[in-house]
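Remarks on the structure that follows.
Residue numbers (my numbering): 1369 to 1586.
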């Protein structure tokens, strides 16, 4: 783990730790996540996977509260790039490992003793831990020389370590859910603000995504 990655992880954990010291409610959650890396003049990768972690909430006034946490995601995408009408193709198999620290303002609407609705919005800090990519080239010798694409294993092609994309991704998001007793079902969407493309500043690449989670409150 390099110095930048260590500093990033330390900062995220510090934000979470300070917030949880004054929290009044603690929860754990697990769910499905779909992350999308796309943008103008950039190819699109759609990742599907799971995320799990813990959140902490403390009350504000007028049914509002502040919600934060630390959530780990593991996602996967497989994409085939074809070249014209020929049989030439390249397959990209990509894993993504991320940590999210949400910083949300939540509004709670209690309908009955054990039942409430809630909605939340605010920033999210998404930090990339690893994004290894395997490239499987099925190109002819001529096409291989023309494109310069070669097969590459996961261990040699982590997009963060290769400085192709940025680890730090700022997002804005919103979501809603329902709670019955100690159980919640919630979903939301986070939109990437900054471009994570570190190779070409003219090719905007944003990391966004939606999620649905089942939550248990202690």
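Beta carbons are placed, not taken as given, at the ideal position from N, Cα and C, and that holds for glycine.
Note that the structure is predicted; figures quoted are calculated from it, not measured.
In this structure, residue 1538 lies near residue 1561, with their beta-carbon atoms less than 7 Å apart. Using a Cβ distance threshold of 7 Å, residue 1496 and residue 1466 count as a contacting pair. Contact between residue 1448 and residue 1401 is absent: CB atoms are separated by about 23 Å, not below the 8 Å threshold. At a Cβ-Cβ threshold of 7 Å, residue 1574 and residue 1409 do not count as neighbours.
Inclusion of residue 1543 and residue 1554 in the CB contact set at 7 Å is warranted, their separation being smaller than that value. According to the DSSP assignment, residue 1509 belongs to the alpha helix (DSSP H) that extends over 1509-1515. From the listed residues 1425, 1398 and 1416, the smallest Cα separation to residue 1392 is found for 1425. Put simply, the backbone Cα of residue 1518 is about 14 Å away from that of residue 1450. In its chain, beyond the 5 residues on either side, 1456 have a beta carbon closer than 7 Å to the beta carbon of residue 1508. Distance from the Cα of residue 1423 is smallest, within the candidate group 1477, 1471, 1413 and 1548, for 1471.
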